[in-house]
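By the working numbering, the letter at position 101 of the sequence shown is numbered 129, and the numbering carries on one by one without gaps. Notes follow once the structure below has been shown.
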Amino acid sequence: TTIRNNINQQEGSESLVWQYQRIAEIQKNNLNDYTAAIDTYQTMISMASNSQQILEARRNKIDIYSNYLNDYSAVVREYEFIINENPNTETSANAQYAIGEIYRYNLNDTQKAINAYESVIKLIE
């Protein structure tokens, strides 16, 4: 009950979100269960009450997709979510740049890379 009391004393859903974060870290780092970790991060995103929690969960999903699963199309999708959730910000410009890099170096689609880089220019002009 001490743990439950501590959780209840914190802001309810925010505390739950961070518990999901811990579970996902164990799934990824200790169990090497990347699919379960992605699902847990997605649960975290659906429960999150602030944009920083969502951004952190998305970045963790990107890490798994790119460094463990080599699923670069999924990486692009996550960056597109970041852009839509953080419009006209440095965060969205960085995400758009990352999309360009993925198309250029991982997906070998030079035209989509150019389009992504042009979008960065529009964001920072």
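All residues carry an ideal CB built from backbone N, CA and C; glycine is no exception. From a predicted model like this one, the values you see are computed outputs, not experimental measurements.
Distance, residue j Cα to residue i Cα
| i | j | result |
| --- | --- | --- |
| THR117 | ASN58 | 35 Å |
| VAL148 | ALA123 | 9 Å |
| GLN80 | GLN139 | 32 Å |
| LYS56 | ILE152 | 35 Å |
| PHE109 | ARG50 | 22 Å |
| GLN70 | ALA85 | 7 Å |
Spatially closest choice to residue i from the options, by CA coordinates
| i | options | result |
| --- | --- | --- |
| ASN143 | TYR125, GLU153 and ILE152 | TYR125 |
Contact belief for residue i with residue j at Cβ below 8 Å, rounded distance in angstroms
| i | j | result |
| --- | --- | --- |
| TYR93 | GLU106 | 7 Å |
Backbone secondary structure at residue i - three-state DSSP
| i | result |
| --- | --- |
| GLU98 | Looking at the sequence shown, residue 98 is not Glu but Asn. Coil. |
| ASN88 | helix |
Host alpha helix (DSSP H) of residue i (start-end)
| i | result |
| --- | --- |
| ILE73 | 62–75 |
| THR138 | 138–152 |
| ASN78 | ASN78 -> no alpha helix (DSSP H), and no H or E assigned at all. |
| ILE127 | 118–129 |
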